[in-house]
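Protein chains in written order, with the working numbering: chain U, 319 to 433; chain C, 177 to 289. Inspection log for the structure reproduced underneath, given as structure tokens.
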Amino acid sequence: EAGVTQFPSHSVIEKGQTVTLRCDPISGHDNLYWYRRVMGKEIKFLLHFVKESKQDESGMPNNRFLAERTGGTYSTLKVQPAELEDSGVYFCASSLLGRMNTEAFFGQGTRLTVV
Amino acid sequence: GQQLNQSPQSMFIQEGEDVSMNCTSSSIFNTWLWYKQDPGEGPVLLIALYKAGELTSNGRLTAQFGITRKDSFLNISASIPSDVGIYFCAGVLTQGGSEKLVFGKGTKLTVNP
């Protein structure tokens with residue numbers, strides 16, 4: 319069974335450009351989470367989807383970030399316009415509905431570099 | 177907000193040595209987790225702790241949940257080169273029907289053969 323997959327694995331963009339990250343959760347997982355790790359810092363929660371609904375988006379840094387999960391399958395995270403401080407590794411995780419977070423599986427991450 | 181203080185930040189050890197790292201928090205968490213991240217990969221769950229005082233082992237790894245639910249340690253015995261990576265502690269935070277993980281900053285482990 320395929321795990322959580324994220325695309326692209328790396329992205330280098332210029333300040334002011336737009337970037338869209340994609341996450342394909344494990345099939346059947348209704349919970350989908352986005353996290354981000356800025357260099358040398360802790361991994362921080364961004365938001366939580368249950369199916370296509372945003373359950374908690376309290377960790378989204380600002381309105382330059384837009385997450386969607388149309389149809390409750392894959393999710394996208396768009397940053398527009400990107401700023402230097404957006405650089406970091408963006409992780410996606412998924413779990414079955416009703417399962418504790420301990421059973422969430424992480425993708426390999428997308429390393430975003432804004433220059 | 178909740179923060180986890182994880183130490184040490186990095187460790188350089190010889191193969192065969194034992195390793196210990198810990199996390200503390202000013203807040204209580206009902207569940208504590210330890211993850212390992214290999215280069216280019218996402219975090220992988222190593223051990224989950226649910227009860228205060230709980231001591232749990234997973235092979236050469238042992239973790240304990242503090243009595244106060246505000247701290248935890250992870251021990252690795254007889255380290256091997258494949259133990260290299262970043263180890264994260266995390267607490268599970270439940271708010272408004274949503275669960276999320278609060279992570280420490282990680283401990284980067286280097287094992288010299």
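Ideal Cβ placement from N, Cα and C applies to all residues, glycine included.
Cβ pair residue i, residue j closer than 8 Å
i, j, result
"I262 of chain C", "Q213 of chain C", "yes"
"L339 of chain U", "T394 of chain U", "yes"
"V287 of chain C", "I189 of chain C", "yes"
"M197 of chain C", "P184 of chain C", "yes"
"F424 of chain U", "P257 of chain C", "no"
Beta-ladder partner(s) of residue i, from DSSP
i, result
"G261 of chain C", "C:L285"
"R438 of chain U", "Outside the shown range of chain U, which is 319 to 433, sits residue 438 of chain U, and nothing can be said about it."
"V432 of chain U", "U:I331"
"T388 of chain U", "Paired residues: none, contrary to the question."
"T232 of chain C", "C:A239"
"E275 of chain C", "C:T270"
Neighbourhood of residue i by C-beta, 6 Å cutoff - its chain only, sequence neighbours within 5 removed
i, result
"W208 of chain C", "L225, F241, S248, G267"
"E375 of chain U", "L365"
"L384 of chain U", "K396"
Proximal chain U residues relative to residue i, where beta-carbon distance stays under 7 Å
i, result
"S274 of chain C", "H366, Q373, D374"
"G264 of chain C", "The sequence as given places Phe at residue 264 of chain C; Gly does not occur at that position. Under the 7 Å cutoff, chain U gives I361."
Cβ-Cβ separation, residue j to residue i (assumed contact under 8 Å), whole Å
i, j, result
"I344 of chain U", "V322 of chain U", "6 Å"
"V433 of chain U", "K359 of chain U", "So it is not a contact: roughly 19 Å between Cβ atoms."
"D342 of chain U", "V368 of chain U", "About 17 Å separates the two Cβ atoms, so there is no contact after all."
"T238 of chain C", "N251 of chain C", "5 Å"
Closer than 9 Å at the beta carbon, the chain U residues around residue i
i, result
"P215 of chain C", "Those do not exist, as P215 of chain C stays about 10 Å from chain U at its closest Cβ, beyond 9 Å."
Neighbour list for residue i in chain U, Cβ cutoff strictly below 8 Å
i, result
"P219 of chain C", "I361, F409, F424"
"K281 of chain C", "G358, K359, E360"
Cβ neighbours of residue i in the same chain (closer than 7 Å, five flanking residues each side left out)
i, result
"Q271 of chain C", "none"
"G192 of chain C", "A254, S255"
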